[in-house]
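Presented below is the structure to which this report refers.
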Amino acid sequence: MAMAAERSTYIVHMDGSVMPKAFNHHQHWYTTSLQSLSVATSNLLYVYENAMHGFSVALSDEELKALKKMPGVLDVHKDRQVIVDTTHTYEFLNLNVATGLWPASNYGEDVIIGVIDSGVWPEHESFNDRGMSEIPTRWKGACEAGEEFNSSMCNRKLLGARYFNKGVIAGNPGKNIIMSSARDIEGHGTHTSSTAAGSYAAANFFGYAPGVARGVAHRARLAMYKVLWLEGRYASDVLAAMDQAVADGVDVISISMGFSGLPLYEDPIAIASFGAMEKGIIVSSSAGNAGPAMHTLHNGIPWVLTVAAGTIDRQLSGTLVLGNGQIITGTTKYPENAFLVDVPLVYDETILACNSLSLVSSAAAKKIVICKDNGTIWEQVALLTHSTAAGAIIIANTSENIFFYTTPVIVINPSEGDKLIKYAQNYSSGTVTMKFKETYLVTKPAPAVALFSSRGPSPSFKSVLKPDIMAPGVDVLAAWTPKSPVAHVGNAPLAGDFSIASGTSMSCPHASGVAALLKGARPGWSPAAIRSAMMTTAAASDNTFQSIKDVGNNYSPATPLSIGAGHVNPNKALDPGLVYDATPQDYVSLLCGSNYTLNQIKLITRSSKDYDCSEPSSDLNYPSFISIFDGNPTSYSQTFKRIVTNVGDGPEKYTVSVTVPAWLSVVVEPNVLVFKEKYEKLSYEVHVKTSLEASGMAAYGFGDLLWVSETRKYKVRSPIMVLL
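Okay, structure coming up:
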């Protein structure tokens, strides 16, 4: 009996441009080519269409030799084991050990990040302190004992932990508070804190995204301030926690929450962050998860960093193998080791909405049903979980709104959905095989603005463009608490040490970590200078070198109301060339010029000491521009004044360029800035003009202002947003 030839797996790079016209799909070309070499199509592992053109396949030595001679083959190399570093987001941010912000800041060593959240699970490996130096002597905080938490649970990584529940107790008289300590039983705080500054820890999510987790500033210190309780979340507790964090000596405050509909003088985050800013502490906050509509953003506070959420270039995937051999890749996070082989496929237009339990169960019992997103995709998954269907394929533009994959579900985009439906229509007895727990990197395009990420302008303060920046906030893998499930199968909860989560709650700690790195590398910079460096160096393009797209607006180019200045670029922020600085008095002058009363201003500043309204201003020295022309005039105009500080290498000459729609006039005076020395400050003015006739039917326009150094080392970009 002849022995089967030994096979190895190879990755084959193909020249997609030379695909013969006889084939209408790369998949067909590849399978036909393999069949011509007598290679079984079952040996085909994956087909790549985004990161590259090609496929991976198991081949014998003889088959390999023959395949290399096949037309269109660019390169073939043997598959190898790879160590993936997770959450992967630090890699997506181009942070590396050789150059840039990580080594320049010593990975944030001794910078203290105060996290205002739901507590922490101190025993988690992400909070180990191996190799860390002694606790900084300037630290004034404490590790408070409480329920299932004692003072010995803090260490050189987790310096302190406090909890604040007087507000929630007062709001729930006679009710026992569950876990009255800094211990996290929800998971949110453990996730955000480990994202910002977690230590190295082996991680995966039921086989998805395997690798080594680390925080953005993984040698920074952490202090947890618990304010989120199962019984409620109260402003009084938040204000107390932020106040204490300032007293304890933190350098950065990360707060992934907000209060909507409050004026600044009633917003505890606005109030507490002003005091923090006065002490040189940068406050990083989440923009909110109420998108994609405009005016949904919270934390639109001029003196904080407001962070939007974007996607990353990693896809947690599942594969569909149709009965004709066609392969379709989609997204999923189903946690079980399900492998549904050659299951009958059901395509029925009367149940495509998958919103009737009886109809789905009747038509698709023990089968795979095709569904289309009806706007409530999470409800569809819940219904499918209780149906008799073996699984489902949902056709949708995004899977962001599915928090738990409680049943075998794979989400595919509409273009792939068309292929699936065509197959189902052509093969009445069609089948499908579903595979789970696959992870793809360098997917394109990325980043894109998350559907849920709240958009500006800020309802609480419209004259400053918000959000400021976008950071990774979709499918972020980070530490979790065993007290809260990370997934469900049916109604059964599943526990795990790491969880995948999405939200501006996840993007905020990424920005907090970058701010901590900058604080470590540039200790003399003010919070405004750090924010400026992050904004003016942010990326406006994705990994296809096109404008960042907006998932919530049919993948059209994202406006500054959704991404602010763009996607954070940590290494470039280390050396921005110019910064837009601001003092506490500058913010007070802005409030004075914005019709705030002296009493309202005092509510924010806590004291009128050292502040006055002798020079009120409707403008702020900010790295972005927004003009909101209300009313019905026939022409519109606004002038901005800015002051930039040269933080580059030394003398430098900058020339301005402006990119805006043709109906908008933006004139910069002067258009050249010549700095004679480092730290010199120079000013310029921006004149924005348009008319009702020129703008036509446009409701808004956007672009950017770019200062380019003569050496071309520095490109200092500011977004421009105009609303009519």
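Its first residue numbered 1, the sequence shown is counted upward by one per residue in full-length UniProt numbering. Ideal Cβ placement from N, Cα and C applies to all residues, glycine included. All values reported here derive from a predicted model rather than from experimental measurement.
Collapsed DSSP secondary structure at residue i in the structure displayed
i           : result
residue 652 : strand
residue 531 : helix
residue 546 : coil
residue 63  : helix
residue 343 : strand
residue 483 : coil
residue 587 : helix
residue 175 : coil
residue 713 : coil
residue 120 : strand
residue 459 : coil
residue 638 : strand
residue 726 : One cannot answer for residue 726 here, as it falls past the ends of the chain, which runs 1 to 724.
residue 249 : coil
residue 581 : coil
residue 16  : helix
residue 517 : helix
residue 389 : strand
residue 646 : strand
residue 34  : helix
residue 664 : coil
Exposure label - residue i; buried when at least 16 CB within 10 Å
i           : result
residue 513 : buried
residue 182 : buried
residue 247 : exposed
residue 541 : exposed
residue 20  : exposed
residue 659 : exposed
residue 130 : exposed
residue 554 : exposed
residue 8   : exposed
residue 704 : buried
residue 293 : exposed
residue 80  : Confidence is the limiting factor: at residue 80 the pLDDT is only 36, short of 50, which leaves the residue's position unreliable and the question unanswerable from this model.
residue 224 : buried
residue 491 : exposed
residue 301 : buried
residue 707 : buried
residue 599 : exposed
residue 25  : exposed
residue 425 : exposed
Separation of residue j from residue i, as counted between CA atoms
i           : j           : result
residue 228 : residue 100 : 36 Å
residue 662 : residue 686 : 17 Å
residue 381 : residue 355 : 10 Å
residue 695 : residue 683 : 29 Å
residue 413 : residue 121 : 37 Å
residue 589 : residue 409 : 54 Å
residue 16  : residue 33  : 13 Å
residue 550 : residue 558 : 5 Å
residue 448 : residue 152 : 43 Å
residue 134 : residue 128 : 14 Å
residue 87  : residue 209 : Legend: pLDDT at residue 87 = 47, less than 50; position of this residue unreliable, no value from coordinates given.
residue 82  : residue 318 : Its pLDDT being 25, under 50, residue 82 is placed unreliably by the model, and the measurement read from it follows with that caveat. When rounded, the distance between both Cα atoms is 20 Å.
residue 352 : residue 669 : 58 Å
residue 494 : residue 485 : 5 Å
residue 456 : residue 290 : 11 Å
residue 517 : residue 499 : 25 Å
residue 254 : residue 146 : 23 Å
residue 314 : residue 643 : 39 Å
residue 174 : residue 168 : 11 Å
residue 651 : residue 714 : 13 Å
Integer-rounded CB distance, given that residue j should sit under 8 Å from residue i
i           : j           : result
residue 479 : residue 497 : 7 Å
residue 402 : residue 370 : About 16 Å separates the two Cβ atoms, so there is no contact after all.
residue 593 : residue 624 : Contact doesn't hold; Cβ gap of about 18 Å is too wide.
residue 596 : residue 528 : Not a contact, Cβ separation roughly 20 Å.
residue 307 : residue 533 : Between residue 533 and residue 307 the Cβ distance is about 15 Å, and since that is not below 8 Å, they are no contact.
residue 406 : residue 343 : Not quite, the Cβ-Cβ distance comes to about 18 Å (not below 8 Å), so this is no contact.
residue 39  : residue 63  : 6 Å
Bridge partners - residue i, DSSP secondary structure assignment
i           : result
residue 702 : 721
residue 381 : Its beta-bridge partners do not exist; DSSP assigns none.
residue 221 : 112
residue 211 : 203
residue 681 : 645
residue 163 : 226
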